[in-house]
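Undergrad: Just dropping this structure here.
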Amino acid sequence: MEPNKPLGEVKKFNPYDRPKKKKEPRDPVDFKKYWKLIVGLVVAFVLLLMVLTNVYIVKENEYRVVRQFGEVVKIQEEPGIRMKIPFIQSVTTLPNYQMTYDVSEAEINTKDKKRIIIDNYAVWHVVNPLDLISNAGTIVNAESRMEEFIYSVVRTELGQLDYDEIINDENSSRGSVNDAVTAKVNELLNKDQYGIQVMDVRIKRTDLPEENEQSVYTRMISERESTAQEYLSQGDAKKREMEAQADRQAQEVIATARKEAALIQAEGESAAAKIYNESFSKDPEFYELYRSLESYKKTIGDDTVIVLPSDSPYAEILSGNFE
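For what it's worth, UniProt numbering labels the leading residue of the sequence shown as 1, then goes sequentially.
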C-alpha cells in the first residue's frame, strides 16, 4: 500500500490503458494467381461492348442502310435485330412511311394571261432506298428535286386553263389537274431514278397578286350582276308568257260560258214564249188587258203627265172603269 495514496480511493478502469499488441505483417497479394480471371473478365467486357455497339434494330417504318467503307452493301427492310461488322460497317436510317411535303408558293400565268399564286402540298414516300442514295444522296435533295418537278408540271397544266376555270368551282377541273400532275411528276422521278414516289399532289390555295385582286374582284362582281340580270330577264319573260297563257285560257272559258249561257237563255225564252202563247190563246181579252198594263208600266212613271180624252179606252182602264 502506497503511503501517500489516500485510504479508500479506487482506481478507475480504462480499456485504453491495456498494452497494445503489435500487428504482425501480412503477406503481399500474389496477382499472378488471378491473371487468368482478370484477363477473362476484360475480354468478356470487350466482347459485350462490341456486341452492344454493333447490334441494330430494324423497325417497321424505316429502312436500315448498311455501308461498308462508304459503299452500300445491304438494305434491311424486314423488322428485327441485326448485327453489323465492327469498325468496318456503319448503319444509317431512311423513312419507310408516307410523308407530307409543303411545296413553296409559286406565281404562274394562266391561259388567259392572269397571274396567280399557287400553294401546293405533296404526299410521298421512299420506294427504292438504293436509287435514292445513288442519285439524290439525301432526303433533302430528293425533296428538292420533287419540288422542282411539281412546280414545272403545275405551271404547265394550269397554263392550259383560264383563270375562271381554276377559281370557279362550277367549271373547275382541279380534281383532274391534281391527278395529271401526280402522274407526270412520278414519270419524271422514275425517269431519273430518284427512288421516291408521289402519292398525291394537291392545290391548297390559289391567290391573286395584291395588285390584281381589286380589278379581278370588280370584274367578278360585274359578271355575277350580269348573270343575275340575265336570270331576272328570263324570269320576267317566263312570267309574261304564263300570264298571257292564263289570260287566253280565261277568255276562252268566259267566251264558252257566255255562249252556253246565251243558248240556255234563248231556250228559256223560247220555252217561256211558248207557254205565254198557250196561256194567252185561251183568253184573248185578258191578253189584251195584260199587254195594256205592261205598256203602262213602261210609259208611266212617278212624274209622267198624260192627257187623254175621258172616253178613251186607255183612260177608262187607268181609272178602273172597264168591263
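Note that CB positions come from ideal geometry on N, CA and C, so glycine has one too.
1) Determine the DSSP secondary structure at V177, reduced to helix, strand or coil.
2) Report, in whole angstroms, the separation of the C-beta atoms of V126 and T100, which I expect to be a contact under 8 Å.
3) In whole angstroms, what separates the C-alpha of G268 from that of Y276?
4) Helix or strand or just coil, what does DSSP make of T110?
5) Kindly indicate which three-state DSSP category E71 falls into: helix, strand or coil?
6) Under a Cβ-count criterion, where at least 16 other Cβ atoms within 10 Å of its own Cβ denotes burial, should A142 be classed as buried or exposed?
7) Starting from S144, trace the alpha helix (DSSP H) in both directions and tell me its first and last residue.
8) Exposed or buried, E170, counting other C-beta atoms within 10 Å across all chains shown (16 or more means buried)?
9) Roughly how many angstroms separate the alpha carbons of E77 and I133, rounded to a whole number?
10) If A136 sits next to G70, beta carbons under 8 Å apart, how far is it from one beta carbon to the other, in whole angstroms?
11) Three or more beta-carbon pairs under 8 Å between the stretch 53-60 and the stretch 77-90, yes or no?
12) Is the beta carbon of V153 sitting closer than 7 Å to the one on V177?
13) Using a 10 Å radius around the Cβ and a threshold of 16 neighbouring Cβ atoms, would you call residue 366 buried or exposed?
14) Between V198 and chain B, is the shortest Cβ-Cβ distance under 7 Å, so that the two count as touching?
15) Report the option in T138, P86, T110 whose CA atom is closest to the CA atom of D162.
16) Is the CB-CB distance between P86 and N120 below 7 Å?
17) If L189 sits next to F149, beta carbons under 8 Å apart, how far is it from one beta carbon to the other, in whole angstroms?
18) I'd like to know whether the C-beta atoms of E105 and R115 end up nearer to each other than 7 Å.
19) Rounded to whole angstroms, what is the Cα-Cα separation between E252 and A228?
20) What is the DSSP secondary structure of Y97, counted as helix, strand or coil?
21) Any idea if T218 is buried or exposed, counting beta-carbon neighbours within 10 angstroms, 16 or more meaning buried?
22) Should S90 and R67 be called a contact, given that it needs their Cβ atoms to be closer than 7 Å?
TA: With the given structure in hand:
1) Locating residue 177 in the sequence shown gives position 177, where the first residue counts as 1. It is helical.
2) Counted from its first residue, the sequence shown places residue 126 at position 126. Counted from its first residue, the sequence shown places residue 100 at position 100. Wrong, their Cβ atoms sit about 14 Å apart, outside the cutoff.
3) For the purposes of this step, residue 268 is identified with residue 268 of the sequence shown, where counting begins at 1. For the purposes of this step, residue 276 is identified with residue 276 of the sequence shown, where counting begins at 1. Cα to Cα, the separation comes out at about 12 Å.
4) Reading the sequence shown from its first residue, position 110 is the one you call residue 110. Coil, per DSSP.
5) Position 71 of the sequence shown holds residue 71. Strand.
6) The count along the sequence shown starts at 1 and reaches residue 142 at position 142. With 16 or more Cβ atoms within 10 Å of its Cβ, A142 is classed as buried.
7) The residue given as residue 144 occupies position 144 in the sequence shown. Where S144 is concerned, the enclosing alpha helix (DSSP H) stretches over 139-158.
8) Locating residue 170 in the sequence shown gives position 170, counting from the first residue. Here E170 scores only 44 on pLDDT, less than 50, and its place in the model should not be relied on; the value that follows carries that caveat. Exposed, by the Cβ-count rule.
9) As a first step, residue 77 must be located in the sequence shown, where it is residue number 77. As a first step, residue 133 must be located in the sequence shown, where it is residue number 133. Near 15 Å, if we compare the C-alpha coordinates of I133 and E77.
10) Stepping through the sequence shown from its first residue, residue 136 is reached at position 136. Stepping through the sequence shown from its first residue, residue 70 is reached at position 70. With 8 Å as the limit, A136 and G70 do not qualify as a contact, their Cβ atoms being about 17 Å apart.
11) yes
12) Counting from 1 along the sequence shown, the entry for residue 153 is found at position 153. Counting from 1 along the sequence shown, the entry for residue 177 is found at position 177. Their beta carbons are not under 7 Å apart, which means V153 does not touch V177 by this criterion.
13) Nothing about residue 366 can be read from this structure; the chain reaches only from 1 to 323.
14) Among the chains in the structure shown there is no chain B, since it carries only a single protein chain.
15) The sequence position of residue 162 within the sequence shown is 162, counting from 1. Comparing Cα-Cα distances from D162 to each of T138, P86, T110, the minimum goes to T110.
16) Here residue 86 corresponds to residue number 86 of the sequence shown, with the count starting at 1. Here residue 120 corresponds to residue number 120 of the sequence shown, with the count starting at 1. Not a contact, by the Cβ cut-off of 7 Å.
17) Counting from 1 along the sequence shown, the entry for residue 189 is found at position 189. Counting from 1 along the sequence shown, the entry for residue 149 is found at position 149. 7 Å between Cβ atoms; contact.
18) Sequence index remark: in the sequence shown, residue 105 carries index 105 (1-based). Sequence index remark: in the sequence shown, residue 115 carries index 115 (1-based). Not closer than 7 Å, so no.
19) Here residue 252 corresponds to residue number 252 of the sequence shown, with the count starting at 1. Here residue 228 corresponds to residue number 228 of the sequence shown, with the count starting at 1. As the crow flies, the alpha-carbon of E252 is around 36 Å from that of A228.
20) For this step, residue 97 is matched to residue 97 along the sequence shown. Looking at Y97 - three-state DSSP - the assignment turns out to be coil, as it is neither helix nor strand.
21) Taking the sequence shown and counting its residues from 1, one reaches residue 218 at position 218. Per the 10 Å Cβ criterion, exposed.
22) Within the sequence shown, residue 90 is the residue found at index 90, counting from 1. Within the sequence shown, residue 67 is the residue found at index 67, counting from 1. With contacts defined as CB atoms closer than 7 Å, S90 and R67 qualify as a contacting pair.
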